[in-house]
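For the sequence shown, the positions run 1 to 153 when UniProt numbering is used. First up is the structure itself, then whatever we jot down about it.
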Amino acid sequence: MIIVYTSGVFDILHRGHLNILIKAKALGDQLVVGIQKDKAVFESKGHFPTLSTRERVEQMRTLPFIDEVITYQSGTDQTKTLDSVKPDVMVQGDDWPLQTDRAKVIEYLNDHNIKLILIPYTKEISDMEIKRRIITSFEDEKGKKNNDYESKV
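Here is the structure:
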């Protein structure tokens, strides 16, 4: 059985997240998704997520192709989490190399013969873009003005 592990904040679930999750599942038999806890998000990004850890875990559990959802406290060093999951493959978005503890995690992956696969980041969408759209729709007289949403659908 090939165990695939991916992780993230997954605050406001969008097609970029789904893209990575679906591709990750296709790489193995079991997909384990790690959700970064609220405090760790604050420590690594400087703000809390919109949805709580519990809400984000529940959101992931609704996706039928995810076999297990776990939480982790560390910001960018996931070696303890990898120790417990024992994956054969770790999948991240290709924006992951920007993280500060990447070298430590990559060393761990190499030492434990875990394959790392980077999936192209979906550039047209992000949690922050969705939040911007929501704020814009309220600022534009509760969505009465054209906020260019139609052009992105």
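We put the beta carbon where it would ideally sit given N, CA and C, even for glycine. The structure presented is a predicted model; accordingly, all values stated were derived computationally and were not measured.
Looking only at Ile20, Thr62, Leu31, Val41, the smallest Cα-Cα distance to Tyr72 is reached by Val41. Between the alpha carbons of Phe138 and Ser44 lies a distance of about 29 Å. The criterion of a C-beta distance shorter than 7 Å is not satisfied by Asp101 and Pro120. DSSP, reduced to helix, strand and coil, places Gly28 outside both helices and strands of the structure shown, so it counts as coil. As a beta-bridge residue in DSSP terms, Tyr5 pairs with Val32, Met90. As DSSP reads the structure, Leu116 sits in a beta bridge with Met90. Secondary structure note for Glu68: its beta strand (DSSP E) is the uninterrupted segment 68-72.
Collapsing the DSSP output to three states places Ser44 in a helix. The beta carbon of Phe48 sits closer than 8 Å to the beta carbons of Asp38, Val41, Phe42 from its chain, once the five residues preceding and following it are set aside; these are given in chain order. Note on Phe65: under 16 other CB atoms within 10 angstroms of its CB, so exposed under the neighbour-count rule. Our two residues, Ala24 and Leu31, have alpha carbons roughly 7 Å apart in a direct line. Cα atoms of Val33 and Val4: separation of roughly 8 Å, rounded to the nearest angstrom. Residue nearest to Lys104 within the set Leu51, Thr79, Thr122, Met1 is Thr79 (criterion: CA-CA distance).
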